[in-house]
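Here is the structure we will look at.
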Amino acid sequence: MSLAGLPENHCRSIAATLRLMEDRLEEVAGWIRGGAREAMTWRMADDLDPSCKAALLDRIEAALALIGHAYREIGTPKEERSLLRFCNGALGLTWELPPDLRPERMRGFGEVPLELAPELADLARRLEGAVMDVERALAAALPGGKEGELP
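So the sequence shown is numbered by the working numbering: it starts at 77 and just counts up by one.
What follows is the structure, encoded as structure tokens:
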């Protein structure tokens, strides 16, 4: 297979697709290798038997090798990724979630009992504050940023 000579626009599009495929495959491989995991709100059951894991990982490695070969063929330089930008992007949507817990926003699911509305509002407020605290800490890492200041 030789993809050398493709127009630059095609190479950029192919590179973007290959990166997305690699990201997903690496994510799945990481979950397979990591086995059962637990967070505060979920638990990942390790319900794949060892032979299935091995087969999946073999096929993922083969797919990753093909992706690497194709990427080298199109001659696109390796993308440099920034941990700072990743964190900033991932957290960028997180601040939007706590307000959905406010009682007035939950009416679509039925009225929140009056006696529990203050508790729910307080939880939403505290979660908003916690997310903002994380964002303020991240702001310190941004060029010219100081902890406590949001860009």
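Ideal placement from N, C-alpha and C gives every residue a C-beta, glycine not left out.
Predicted, not measured: the structure shown is a model, and the values here were computed from it.
### Query
So is A200 buried or exposed if we call it buried at 16+ other beta carbons inside 10 Å?
buried
### Query
Run through DSSP, which three-state label would E172 get?
helix
### Task
Please determine, among A130, I150, L190, N85, the residue with the shortest C-alpha to C-alpha distance to V104.
A130
### Task
Thinking V210 and P174 are a contact (beta carbons under 8 Å), I'd like their distance in whole angstroms, please.
About 12 Å separates the two Cβ atoms, so there is no contact after all.
### Task
Return the first residue and the last residue of the alpha helix (DSSP H) that R135 is part of.
126 to 150
### Query
Any idea what DSSP makes of E155, helix, strand or coil?
coil
### Query
Going straight from the alpha carbon of K154 to that of D134, what length do you get?
24 Å
### Query
Going straight from the alpha carbon of R88 to that of L82, what length do you get?
10 Å
### Query
Rounded to a whole number of angstroms, what is the C-alpha to C-alpha distance between T170 and W107?
22 Å
#### Entry: Where E187 sits in the DSSP three-state scheme
coil
### Query
How long is the line joining the alpha carbons of L159 and F185, rounded to whole angstroms?
38 Å
### Task
Take R183 and list the residues in its own chain whose beta-carbon comes closer than 7 Å to its own, dropping the five residues that flank it on each side.
none
### Task
Could you tell me which residues DSSP pairs with M114 in its beta bridges?
According to the sequence displayed, residue 114 carries Glu and not Met. DSSP lists R119 as partners of E114.
### Task
Alpha carbon to alpha carbon, how far is T152 from N85? Give it in angstroms, no decimals.
11 Å
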